[in-house]
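Those sequence lines, one after another, are chains G and W. Under the numbering used here, the residues of the first sequence are numbered 1 to 356, in order. Under the numbering used here, the residues of the second sequence are numbered 1 to 356, in order. Reading through the structure tokens given below for one structure.
There are 2 protein chains.
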Amino acid sequence: MSDFLLPRLRALDPYVPGEQPQDKQYVKLNTNESPFPPSPHVLDALSREAIARLNLYPDPLSAVLRQTIAAEYGLMEANVFVGNGSDEVLGFAFMAYADETRGATISDVSYGFYRVYAQLYRVSPIIIPLNEDFTLPVEKFLSQGQLVALANPNAPTSIALPLSEVERIVAGNPDSVVLIDEAYVDFGGETCVPLLGKYPNLLIVRTYSKSRSLAGGRLGYALASPAIIDDLNRMKNSFHPYNINRLTMLAGIEAMRDRRYFVSCVAAICAQREQSAAALKTLGFTVLPSATNFLFASPPGMDGKTYYEKLKARGVLVRYLSQPTLTRYVRITVGSVGQMDALLTATRDILKEEKA
Amino acid sequence: MSDFLLPRLRALDPYVPGEQPQDKQYVKLNTNESPFPPSPHVLDALSREAIARLNLYPDPLSAVLRQTIAAEYGLMEANVFVGNGSDEVLGFAFMAYADETRGATISDVSYGFYRVYAQLYRVSPIIIPLNEDFTLPVEKFLSQGQLVALANPNAPTSIALPLSEVERIVAGNPDSVVLIDEAYVDFGGETCVPLLGKYPNLLIVRTYSKSRSLAGGRLGYALASPAIIDDLNRMKNSFHPYNINRLTMLAGIEAMRDRRYFVSCVAAICAQREQSAAALKTLGFTVLPSATNFLFASPPGMDGKTYYEKLKARGVLVRYLSQPTLTRYVRITVGSVGQMDALLTATRDILKEEKA
């Protein structure tokens, strides 16, 4: 930190991404990536000819990409905003709608970045604890009079809120934006896209990182009323107008168009998830009902941190979150068949060692 | 704009990028892109195998890219920050160092985005007019006690400030960050990289968009003391940690390593610039001495807007800036031989028509 940094920003507690250790090859089940490569159409579109045109700026409006996303959801281009990953979309949303004069309401267990944005933008958020079973106390999120930001399905719990409950929250905050972060919705949640026509305060945030196999391309998007999309574009054009590079734009178009590949990847991940969840339960784990591409699981007879460390020593990385209510759990990405076999083998080994 | 947007942000006047009309093919000399494709090594590095790994997140530290840039300038990784275009780097710098409590000093003619950041971050900037000959009144930039942001060479004037004058400004503001935006420095300016060891308040911003032929990849960087780089990383990690996608990271590494290609492209552009400047002067234009990849030129017997419009009608796009002191000028990117021939042909045609 330099002596020049604004005093207000010295206390910032930045987000810490899942570890990316370089010391050896791990079975990486800690950042919820897809085990599948992007659609073959993405590989074809990012041709040598496309790469040779990188000397030219991308379209600052991302028009074709936004039209392609809109078409997939039966919306218009004016309903779609695109960002450099959904983190950037979230960052612009908090920038537009929350500050020290108008705050934000979030839950105590959710995507950790919401708190960071609050800090960055001078917000003292209202933080509402989840119920003991990790479900959301919906009634506490009504009539907030400020930005409400929720992940559905939630992370790291993997639990989905039914559409009717989401609608109660959106309808219950008519004077403020309700941001529903649907990063994981394709794996079993109910999307609130059908509510868009009815509620001008609904802002849905999505990502290509999970179900579209493009975490490395950095692409997220928002679906909302044209007025909200216009707000986000104003933020973007006041920060960096060319936020989507040419190749990611092409990749995003092709990944969205290839619905068949998308469906098959999602189906394979969901099937693997059910198989892995059952296997862990057989070993005595508590596994929350997942509507995502990860499992939130508590090992028998040890806390989450011990299990995380023992797995890491055996070359398997999962995510441990040190929040007080989560210490019995770890978050495990649903990876490939081979990765999940490695996880189970290491786990059986750990449990055997415990008993000995 | 929605009813939810924070009142403070309703008056924002976002940056307007150079037009990207889709109605027909233009000779595009309006956004200072390189006429050359990226290095062949970039084309090789962005292989099908690299694209197939887009399902995995990029390195959030961008370690290899930062090491590669550092090596080129004889610096350490800790001296380098990378952003999604230099606009993002500038955005984080203003975020870290300027707000309503500590302002910013800029010149009235410079990169238009500095004013936008000021607005976004609640800054009432001190705006210092250039001298009548478009040179910088250096003494007015001393002892500011707040962020000082300058482009060198300046845009859209194309004029470079000697290193000794830059040093006066950096030395003259020991208590605040001096940001020198060297977007165009490779085309003939004197870089202030040699000052880095001496001044912990110096922050140099660079881009891959111009001299490295990667405008479409979106990559910019900062060179500064480790403490300043740490500040920028804190901002990034409070906004979006994975800001550089995998392919742009690879492209940035290869484009920086291929010094021979870089030097040959820059030399060709500078040679073309001198030739085009001479030709325009022969036709009666005033052309400012350019240390960039563009010409700031005033046509004989008409204002800049008329010339811009007549060129556009003939399929040639240049940039016209409506600021009161600039109305006699247009900014013309130095393009390929063919593009510059098209510009001159259209210009001769326009001047002939005027005389008739």
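For each residue, glycine too, the CB sits at the ideal point set by N, CA and C.
- Annotation: the continuous alpha helix (DSSP H) that includes Ser264 of chain G extends over 259 to 282.
- Against Thr248 of chain G, the close residues of chain W are Asn245, in the order they occur along the chain (beta-carbon pairs closer than 7 Å).
- By the neighbour-count definition (other C-beta atoms within 10 Å, threshold 16), Asn32 of chain W is a buried residue.
- Listed along chain G is no residue with a C-beta nearer than 9 Å to that of Asn131 of chain W; the closest approach is about 29 Å.
- At a Cβ-Cβ threshold of 8 Å, Leu90 of chain W and Asp181 of chain W count as neighbours.
- Against chain G, the CB of Asp99 of chain W has a partner CB under 8 Å away; the residue lies at that interface.
- DSSP places Gly91 of chain G in no beta strand (DSSP E) but in the uninterrupted alpha helix (DSSP H) bounded by 86 to 97.
- Residues of the region 304 to 331 of chain G with a C-beta less than 9 Å from any C-beta of chain W: none at all.
- Using a Cβ distance threshold of 8 Å, Leu29 of chain G and Leu214 of chain G do not count as a contacting pair.
- Residue contact with chain G for Arg66 of chain W: absent (no Cβ-Cβ distance below 8 Å to any residue of chain G).
- About 7 Å separates the CB atoms of Gly83 of chain G and Tyr221 of chain G; that is less than 8 Å, so the two are in contact.
- With respect to the C-alpha of Met249 of chain G, the residue from G:Ala278, G:Glu19, G:Val16, G:Leu43 having the closest C-alpha is G:Leu43.
- Inter-residue distance for Leu75 of chain G and Leu343 of chain W is about 42 Å (C-alpha atoms, whole angstroms).
- The secondary-structure analysis by DSSP pairs Asp181 of chain G across a beta bridge with G:Ala151, G:Val205.
- The beta-bridge partner set that DSSP reports for Gly83 of chain W consists of W:Gly220.
- Among the residues of chain G, those whose CB is under 7 Å from the CB of His240 of chain W are Asn84, Gly85, Asp87, Glu88, Gly91, following chain order.
- According to the DSSP assignment, Ser298 of chain W belongs to the beta strand (DSSP E) that extends over 294 to 298.
- Close CB contacts of Pro289 of chain W within its chain, under the 7 Å cut and outside five residues either way in sequence, are with Ile159 (chain order).
- By the criterion of a C-beta distance shorter than 7 Å, Val193 of chain G is surrounded in its chain by Tyr73, Ile204, Leu223, once the five residues flanking it on both sides are discounted.
- In this structure, the CA atom of Tyr57 of chain W is about 15 Å from the CA atom of Arg319 of chain G.
- Secondary structure note for Ala171 of chain G: its alpha helix (DSSP H) is the uninterrupted segment 163 to 171.
- Per DSSP, the unbroken alpha helix (DSSP H) holding Ile229 of chain G starts and ends at 226 to 237.
- Excluding its 5 nearest sequence neighbours in each direction, Val287 of chain G has C-beta neighbours in its own chain below 6 Å: Ala277, Leu280, Lys281, Leu295, Ala297, listed in chain order.
- Here the C-alpha atom of Gly85 of chain W lies approximately 8 Å from the C-alpha atom of Tyr208 of chain W.
- Taking 8 Å as the cut-off, the Cβ atoms of Asn173 of chain G and Leu161 of chain G do not count as close.
- Looking at the DSSP output, Ile332 of chain W bridges to W:Leu295.
- A straight line joining the alpha-carbon of Thr347 of chain G with that of Leu46 of chain W spans about 38 Å.
- In the DSSP assignment, Leu317 of chain G is bridged to G:Lys28.
- Interface annotation, Met1 of chain W: in contact with chain G, CB-CB separation under 8 Å.
- Taking one beta carbon from each stretch, the region 112 to 130 of chain W and the region 4 to 15 of chain W have 3 or more pairs nearer than 8 Å; the two touch.
- Cβ-Cβ distances below 6 Å link Tyr329 of chain W to Phe296, Ser298, Gly304 in the same chain, with the five nearest sequence neighbours on each side left out; the list follows chain order.
- Against chain G, a Cβ distance below 8 Å from Gly216 of chain W picks out Arg53, Leu54, Asn55, Leu56, Tyr57, Pro58, Asn245, Arg246, Leu247.
- For Thr347 of chain W, the enclosing alpha helix (DSSP H) stretches over residues 337 to 355.
- Contacts with chain W at 8 Å (Cβ-Cβ) do not include Tyr261 of chain G.
- Ranked by Cα distance from Tyr114 of chain W, the first of W:Lys198, W:Ser164, W:Leu179, W:Tyr26 is W:Leu179.
- The beta-carbon of Asn79 of chain W is placed no less than 8 Å from the nearest beta-carbon of chain G.
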